[in-house]
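Per my numbering, numbering through the sequence shown is continuous, rising by one, with the last residue being 1057. Notes follow the structure.
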Amino acid sequence: MQTVKPTAEMLAEWKRIFEAYHAAMKPNRKTGTEVDQYFRNKYAHQVFNDAAFQEIVALNITENAFSRNKLPKGVLPNIKSYKTGNALVGIDLSTGEFHIESENIEEVMPLHDDLFVYRGLDEEDLKNIFLVAEYVKLTQN
C-alpha cells in the first residue's frame, strides 16, 4: 500500500524489483467472489450495508481507468461491504478490487497487504512496476 509520495529512490527500487522478477511471474489473480470469501473466512467482521460507502467503493473502480478496465464489458461493480475492527472494507465481486477505510491507516495496512497478496496479479497487473514490486516485496519475506 503506497501511503507517501514516491521518491526517486523508491521508483528505482520498484524498477529493479520489476526487472528482476516480472518475466518469471504468471497471472494468479483470484475472482472477486474468492477474495470476498477469503476475507469473510479469515477476519472477524460484521456486514455493513451502507449504500453511501458501497457507492464510494464502486466509484473508486469506475472512476479509475486501471480498475475500470477489470470490469467485464457491460458489468457494474457488485460491492459487498463489511466492518472489521475500526475499518470499513468494500469488496467488488465483479473484479476483486477492494477498498479499505480507516482513521488509522497504519492499523489496516496488514489487512490491505493480506488481501492484495491473496488476490494476486492478472496479466495487466504484471505490466505495472509498482504492483509487481509490492507483490514481490510482500511475498518474498
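Where a beta carbon is used, it is the ideal one built from N, C-alpha and C, also for glycine.
Residue from the options with nearest C-alpha to residue i
i, options, result
"Asp-1008", "Gln-970, Phe-964 and Gln-962", "Gln-970"
"Asn-1020", "His-1028, Glu-1013 and Glu-929", "His-1028"
"Glu-1013", "Trp-930, Phe-955 and Lys-942", "Phe-955"
Opening and closing residue of the beta strand (DSSP E) in which residue i lies
i, result
"Leu-1004", "1003–1008"
"Tyr-954", "Where Tyr-954 is concerned, there is no enclosing beta strand (DSSP E), although the alpha helix (DSSP H) it sits in stretches over 948–958."
"Lys-996", "995–1000"
Which of helix, strand or coil DSSP assigns to residue i
i, result
"Phe-964", "coil"
"Glu-1013", "coil"
Where the alpha helix (DSSP H) containing residue i begins and where it ends
i, result
"Lys-1053", "1045–1055"
Through-space distance from residue j to residue i, alpha-carbon basis
i, j, result
"Leu-1054", "Leu-1047", "11 angstroms"
Take every Cβ of the segment 956–974, pair it with every Cβ of the segment 1000–1017, and state whether three or more of those distances are shorter than 8 angstroms. The segment 956–974 vs the segment 1000–1017: in contact.
Determine, using beta-carbon pairs with one atom in the segment 988–1002 and one in the segment 1034–1045, whether at least three such pairs fall under 8 angstroms. Verdict: no, contact absent.
Segment contact flag, the segment 921–930 with the segment 982–999, C-beta cutoff 8 angstroms, min 3 pairs: The segment 921–930, when compared against the segment 982–999, does not touch it at the 8 angstroms Cβ threshold.
Decide yes or no for the touch test of the segment 968–984 against the segment 939–950: beta carbon pairs closer than 8 angstroms, at least 3 of them. Contact between the segment 968–984 and the segment 939–950 is not established, with fewer than three Cβ pairs separated by less than 8 angstroms.
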